[in-house]
Structures are given as structure tokens and as C-alpha cells.
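Only one structure is covered here, and it is reproduced in the block below.
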Amino acid sequence: MPTPPTHPFTFTRKQSASNKTPRQINRNLVFNLIRTRQPISRADLARISGLQRSTISLIVEDLIRERWVLEGSTGRLPRGRRPTFLELNHQRAVIALDIHPSQTTVAVTDLGGKIVAQNVVNLPGDPNKAIAPIVAAIRKLMTDHADKSFDGIGISLPGRADPKQKKPIFAPNVNWPMQSIQSKIHRATGLRVEMDNVANACALSEVWFGDSDGLNDLVVVNVSEGIGTGIFSNGRLLRGANGMAGEFGHVEMEHDGYVCGCGGRGCWETVASNRAGLRYYEELSGRTAPSNFSALVKMAQAGDTQAIRALEKMSSFLGRGLRMIASALAPSEIIIVGDITSAWHLLGPKIEAELKQNAFSTAPRLRPAFEGNTARLRSAVALVMNQGLN
Ligand SMILES: [Zn+2]
639 MPTPPTHPFT FTRKQSASNK TPRQINRNLV FNLIRTRQPI SRADLARISG
689 LQRSTISLIV EDLIRERWVL EGSTGRLPRG RRPTFLELNH QRAVIALDIH
739 PSQTTVAVTD LGGKIVAQNV VNLPGDPNKA IAPIVAAIRK LMTDHADKSF
789 DGIGISLPGR ADPKQKKPIF APNVNWPMQS IQSKIHRATG LRVEMDNVAN
839 ACALSEVWFG DSDGLNDLVV VNVSEGIGTG IFSNGRLLRG ANGMAGEFGH
889 VEMEHDGYVC GCGGRGCWET VASNRAGLRY YEELSGRTAP SNFSALVKMA
939 QAGDTQAIRA LEKMSSFLGR GLRMIASALA PSEIIIVGDI TSAWHLLGPK
989 IEAELKQNAF STAPRLRPAF EGNTARLRSA VALVMNQGLN
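Residue numbers (the working numbering): 639 to 1028.
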């Protein structure tokens, strides 16, 4: 007779990554040490990680068996054994997609999330024709890198994918049928396709790639056409009853404010997203805004006073919203993802000052994602890698 399960409930594969066992945490640690310090010997892994040599050996054997890691060159020491250095298997690769309403970046990355090649696909105006050019771009990259073996495709979405795929995706800023992209790309490539909300994926990526490993409570705020948050709480991703947790972007901040993509008015994202920044520039300068947000950031960096004022206004609203998140969730860290982080030296202090205003407890640490503009692509890699371990 089979033994009844001892767990009170079953984790789905997606959830289990954020409920890591000590063995998985150690494995993640070792993988990340190899990723960041390669080539590296087993002895150095033990010394830096503080783990037992025997534990390191077991984990390394696992990583080698699964072809994530290779034994490379032999080291030369003055005397004694010659250590064999370990490095990531550079033959293996992941396709990462960072989807925005009007364009999508498609990239080939290595297992460490390093970008090998990337293409930006501008999506056609006709919403029914949006997916074909994305699929074509993926196929082209796979052909151009036919020497690699692809582990899967990760997609970071500007919306919420229902975990059970029974309901349409909530994506108020996108007008094309995103929910069919997973099956279409799978059919076209034969590869496993993992997809999640971009902010959730960035939260997993922060934990997976080690930048915030060991932290149990962090929130990623993705500032883009809209604003989404990924909440990692008590050591796991918080999804809520229907996968919709984290939609702080649609909490009303201004009564009778601008109409939002969700149908409401004055939502946080209408006053603090990239689109708000562009609108502030037009209001303050009386001039037409640049065609995209990164151009506005570049203008501010070059000293354009109106661009700086527009971004400061956006930052101030961003910080006000972060106060709400800090009060609701008390995370140890809030990480900002998006183009705004490239002007962090100008805007970070402003956002932080707002976050700390009237704080009734210690405000969370605030920082931009370390990898700046590529954070969203790396988050798509984390979706694929994360599954590989389970
Ligand atoms: Zn809204």
C-alpha cells in the first residue's frame, strides 16, 4: 500500500522553487559560486561557501551529471594534487523573452543569464499578427546558435498568467492575445516554455541568481509601461488565490485622476509609470515628449532640466506607492527594475526620501536591480532554470 503523503498540501512545480530545502539552497549557492567565480576548484568552493568538502562533491557531481557544469582545465599548484577547475557548460543556452506592449526583446543567454545575442522585435499594429514575428525571431536565433543546446524558453510578461491557464491573462496595457503565446512558441520550437509575470519572475531571479539569497521577504517593483510587483514573502512567491497578488499598480492614488488601462482612474501606475514620466515632461515643458522613456532618461542624464523635473515628479509618486508596499508587507528589501534605474544617482535619493517619510517602522532597504536593463531578460532565464532543479 502506498504511504499517504505527509505534506498537508501539494506544491506545484512553480511554487516549489520558493520552498527550497536546505539541499536546494546549498545547490543554488554552489551553482552561483561557479557562475560568478568560474573557473573554480572544489577546494575553493568549500573554502568560500563554508560547506563540507563531501557536500560540495555531491552537489558538483549532480551539476555535472545534469550537464550544467563541466570539468575544465587542470590547475597548477607548486606541489600536491592538481585541482580540476569547474565552469558552467557554455554549450547550453536558454531563450529569454522580455515582452512589452509594442516590442519584445528575444535573447539567447547562457545558464548564468549572460546575454549571448539579442534582437528587439517591433510588433505590428495589428494585434492578431503580434506573435508571428516573435516566433520568427526565436527561430532565427536558434538557427544562428545551432551549436548550442537549448534548455527552454522563459517569457516575462507584462501581465498576470493564470497559473491554471483557465482564465485570460490580466494585461491591461497589451492589446494582443498573449495567452496563446506559450502554446504557439512550444509548437514552433518543441522546447519547454515557462511564462510568468515579469515582476514575479524578477523576484525569483533575485533569489535564484543569488543576489538576494537568504532573504525571505523582498518585493520587486517593475516600473515600465505599467507598474507590477513581485512579492517574495516568508521564503516563497506570494501569488494569492487567483495568481493576481501584487497588483499595487492598480490601487487608486488620485481621486478622479487619469484613466488607467484597467478601466479605473488615478491608479498608482497612471502617476508613477514610464508613461506618467513622459506625460509630466509634456506638461512641464510644453514640448512633445520623446518617443520612448529611455530617451527621456538620457535627456535627464545630459542635464535637461525639464526632463529631470519630470522624472523627479514620477519618482516622488513612485516613492509614495512604495510606502504603501512597505506598510502592507514589511519586506526587508525593495528592488526596482526598469529603465528608471539607469538614472538612479539622480532619482534614487528622491524615491528613498519618499519611502522613508512618516515611516512608523524601519523602512526596507531600497536598491535598483544590479543588472539594470537586462534584469527582465535574466528573470526569464530564472523561470527556465528554476524548473530544471525540481
Ligand atoms: Zn489601473
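All C-beta atoms, glycine included, are put in the ideal place defined by N, C-alpha and C. None of the values given here were measured: they were computed from a predicted structure.
- Between I869 and A841, the CB-CB gap stays under 9 Å.
- For the 9 Å CB-CB criterion, I819 and L779 do not form a contact.
- Residue state for C900 is assigned as coil, using DSSP reduced to three classes.
- With contacts defined as CB atoms closer than 9 Å, A684 and Q676 fail to qualify as a contacting pair.
- Not one heavy atom of ligand 1 sits closer than 8 Å to the Cβ of G959.
- Around the Cβ of H888, a 10 Å sphere holds 16 or more other Cβ atoms; the residue is buried.
- In this structure Q756 touches T743 by the C-beta definition: roughly 6 Å separates them, less than 8 Å.
- Pairing H893 with R680, the inter-Cα distance amounts to about 59 Å.
- Distances from the alpha-carbon of Y918 to those of Y896, E704, R903 and S794 put Y896 closest.
- Less than 9 Å divides the Cβ of N854 from the Cβ of N872.
- The three-state reading of DSSP puts N872 in coil, since its state is none of H, G, I, E or B.
- By the CB criterion at 9 Å, V861 and I737 fall outside the cutoff.
- Residue nearest to R661 within the set T693, K994 and G924 is T693 (criterion: CA-CA distance).
- L960 is a Cβ neighbour of E992, given a cutoff of 9 Å.
- Here S932 has D977 as same chain residues with Cβ atoms under 6 Å from its own Cβ, once five neighbours each way along the sequence are excluded.
- Straight across, the Cα-Cα distance linking I776 with P762 is about 16 Å.
- Note on the stretch 822-852: whole beta strand (DSSP E) runs with a minimum of 3 residues are 831-835, in chain order.
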